[in-house]
Amino acid sequence: MKLFCSLPSPFARKVRALAAEKGLALELVEVDVLDPASPVAALNPLRKVPCLVTNDGEAWFDSPLICEWLDARPGPRLIPETFDARMRVKRIEALADGLLDAAVLTRLEGVWPGRTPEQRSTAWMDWQWLKVEGAIGELERHLAARATEGVPPAFFEGEGVTLADLAVASALEWIDFRLPDRPWRAQAPLLATWLARFSMRPAFAASAPVPPKP
Ligand SMILES: N[C@@H](CCC(=O)N[C@@H](CS)C(=O)NCC(=O)O)C(=O)O
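The numbers in my numbering rise by one with no breaks, and the one at position 127 of the sequence shown is 175.
Structure representation (structure tokens):
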């Protein structure tokens, strides 16, 4: 199985961490999605990563669907099978992915090479950031409702790791990596405590984005 991705991509990180939790091997194919000649265009008409190409040559996107596909392979389940539990996990994933969509747009507005400095809109970035703050607030409330004497639970849903944890942690660590001037911890102390613990999990830590060498 090949995963077309960029190494810092938080959506790809969610997929890679899920594969690691299940003990599945993924061959990573690094691509530059902003290059018009990127091979991803032939696999995903939306020109986004991650995109999974199975051993049968079938291409799957986007990341929630890839996670579903991988989770159906052998290994521990990261997406519960019962309907209610499954919906709750997918809801947290949707929140984390939506948070990331807005955070990625915030960053692209600042760095996308197709815009001149005059064309970049601070108002647009702030509008996107409102969504990020809204989602972070919701995640914080979720942990607060499940906390015991002010200590957040180890996992977002249930008693073990799920796709919900991988999605949230991938999103928050990407913000730390790409938008360090957008601090979020003061707004969400439980989330910060939760992430500090969860991010040490080996299957997750293995895919941490590496800053380029100076
Ligand atoms: N909904 C998609 C989002 C994927 C996404 O936005 N990927 C970014 C990289 S982190 C991308 O490929 N962006 C290129 C573009 O928007 O042109 C998913 O969950 O896979």
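Backbone N, C-alpha and C fix where the C-beta goes; we use that ideal spot for every residue, glycine too.
If I follow the unbroken alpha helix (DSSP H) through residue 131, where does it start and stop? Taken as a continuous stretch (DSSP letters only), the alpha helix (DSSP H) holding residue 131 covers 131-159.
In whole angstroms, what is the alpha-carbon distance linking residue 170 and residue 111? Each residue's alpha carbon lies about 29 Å from the other.
Name the two residues that bound the continuous alpha helix (DSSP H) containing residue 59. Segment 58-70, the alpha helix (DSSP H) holding residue 59.
Taking the alpha-carbon positions, what's the residue 146 to residue 98 distance? For residue 146 and residue 98, the gap between their C-alpha atoms comes out near 16 Å.
Mapping DSSP to helix, strand and coil, what is residue 242? In this structure, residue 242 counts as helix in the three-state DSSP scheme.
Quick check on residue 196: buried or exposed, where buried means 16 or more other Cβ atoms within 10 Å of its Cβ? It is exposed - the Cβ of residue 196 has fewer than 16 other Cβ atoms within 10 Å.
Does DSSP classify residue 108 as helix, strand or coil? Note: residue 108 maps to strand in three-state DSSP.
Cβ-based neighbour list, residue 134, same chain, cut-off 8 Å, excluding 5 preceding and 5 following: Around residue 134: 127, 128.
Can you tell me whether residue 114 sits near ligand 1, meaning its C-beta is under 8 Å from at least one heavy atom of the ligand? Yes, since a heavy atom of ligand 1 falls inside the 8 Å radius drawn around the Cβ of residue 114.
Got a sec: does ligand 1 put a non-hydrogen atom nearer than 8 Å to the Cβ of residue 60? The answer is yes for residue 60.
Sorted by chain position, which residues of the same chain lie with C-beta nearer than 7 Å to residue 72's C-beta, five sequence neighbours on each side aside? Around residue 72, the same chain offers 118, 121, 123 as residues with beta carbons nearer than 7 Å, after the five sequence neighbours per side are excluded.
Own chain residues within Cβ distance below 7 Å of residue 78, not counting five before or after: Hits under 7 Å: 53, 54, 55.
Helix, strand or coil at residue 97 [DSSP, three-state]: Collapsing the DSSP output to three states places residue 97 in coil.
Mapping DSSP to helix, strand and coil, what is residue 203? In the displayed model, residue 203 falls within coil according to three-state DSSP, outside both helix and strand.
Is there at least one non-hydrogen atom of ligand 1 closer than 8 Å to the beta-carbon of residue 237? Not under cutoff, so the answer is no.
Return the bridge partner residues of residue 78 from the DSSP annotation. Residue pairing from DSSP places residue 78 in a beta bridge opposite 53.
Would you tell me roughly how many angstroms separate the C-alpha atoms of residue 238 and residue 64, rounded to the nearest one? Their Cα atoms are separated by approximately 25 Å.
DSSP on residue 164, reduced to helix/strand/coil? Here residue 164 carries a coil assignment [DSSP, helix/strand/coil].
Mind checking residue 103: buried by the 16 CB within 10 Å criterion, or exposed? So residue 103 ends up on the exposed side.
Span separating the alpha-carbon of residue 228 from that of residue 244: Those two C-alpha atoms are separated by around 16 Å.
Residues bridged to residue 196 (per DSSP): Beta-bridge partners assigned by DSSP to residue 196: 199.
For the alpha helix (DSSP H) that contains residue 250, what are its first and last residues? Note, residue 250: alpha helix (DSSP H), 250-253.
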